[in-house]
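Report on the structure given below.
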Amino acid sequence: MGAIHLVRHGQASFGSGDYDRLSETGHLQAELTGWDMAARRLRPDVVIHGGMRRQRETAQGLVKGLREGLREGAGWDCPVECDERWAEYDADEVLTAARVAGVSAGHGTLDSAGASDEAKQAFQRQLDAALGHWAGLEAFDTYRAAAESAIADAAARSGSGRTTVVVSSAGTISLAVAGLLADPEGVVGLWTRLQRVTVNTGVARVVVGRGGMTCIAVNEHQHLERAAGGEDPRGLITLR
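Residues in the sequence shown are numbered consecutively from 2, following my numbering.
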């Protein structure tokens, strides 16, 4: 069988004026993910990332950690590719569509919402309400089709004994996973729930066999807990 590892990007710079870049913690999370893969002797055949800066930076950090963990690569190398289909939906556009439709009165954005825990929670409540509206629009159908085709192509590249690592975002990973786990009428509901709890550099694992794709793990983040050692791991386990 082959395998696909779907990795959410590291912590981005929420409320900083430029969300689409990793925070210091995000860079560390990315490298720790690579180190953990190396410790498990995982050698990807290809690393794919979406077109967003935070996704690209996470892929770079992950590969760096892998190389260091494998003692400067130990002969391992693989292509690193960009696939725009793995980009995240535009949260600000989702919120704007909801405000225009009268679904939400909030005015927060990823760049301006503020970095406090309270600001993050308030933004998430606005986004949850807006996503329910957006899921009924044509833009969502386009986004869903892109996610489905992207994971199908990843599966096609993950033949027997081959491993593909994909670095994306909570929404797109959750949609791809929900499509594998839920009945058609339950995909949107599971999608909204999964993305709400997917931690930065959380990993979903999909095996690829003759019968197609099977999701066997969602939101794995033991690598962050192990990295904390005996310390409180909450500084490494982040949602935004």
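Positions of the beta carbon are idealized from the N, C-alpha and C atoms, including for glycine.
Predicted, not measured: the structure shown is a model, and the values here were computed from it.
Check: If distances are taken between C-alpha atoms only, which option among Ala130, Gly133, Trp87, Gln61 comes closest to alanine 31?; Outcome: Gln61
Check: Smallest Cα separation from glutamate 69: which of Val47, Met38, Asp46?; Outcome: Met38
Check: Any idea if arginine 57 is buried or exposed, counting beta-carbon neighbours within 10 angstroms, 16 or more meaning buried?; Outcome: buried
Check: Whole angstroms is fine: what's the gap from valine 189's alpha carbon to glycine 180's?; Outcome: 9 Å
Check: Tell me the DSSP secondary structure of valine 200 in three-state form.; Outcome: coil
Check: DSSP state of arginine 206, grouped into three classes?; Outcome: strand
Check: Between the stretch 87 to 98 and the stretch 123 to 142, do three or more beta carbon pairs fall short of 8 Å?; Outcome: yes
Check: May I ask you to verify whether the stretch 165 to 178 touches the stretch 186 to 203, counting CB pairs closer than 8 Å and requiring at least 3?; Outcome: yes
Check: Out of curiosity, what's the CA-to-CA distance linking valine 101 and tyrosine 144?; Outcome: 20 Å
Check: Between the beta-carbon of valine 8 and the beta-carbon of threonine 202, is there less than 8 Å?; Outcome: yes
Check: Given a threshold of 16 other Cβ atoms within 10 Å of its Cβ, counted over all protein chains shown, does threonine 164 qualify as buried or as exposed?; Outcome: buried
Check: Check this for me: beta carbons of alanine 4 and arginine 86, under 8 Å apart or not?; Outcome: no
Check: Taking the C-alpha atoms as reference points, what is the distance between threonine 215 and aspartate 84?; Outcome: 22 Å
Check: What runs of the alpha helix (DSSP H), each 4 residues or longer, lie entirely inside the stretch 34 to 119?; Outcome: 54 to 70, 92 to 101
Check: Helix, strand or coil for leucine 237? Go by DSSP, reduced to three states.; Outcome: coil
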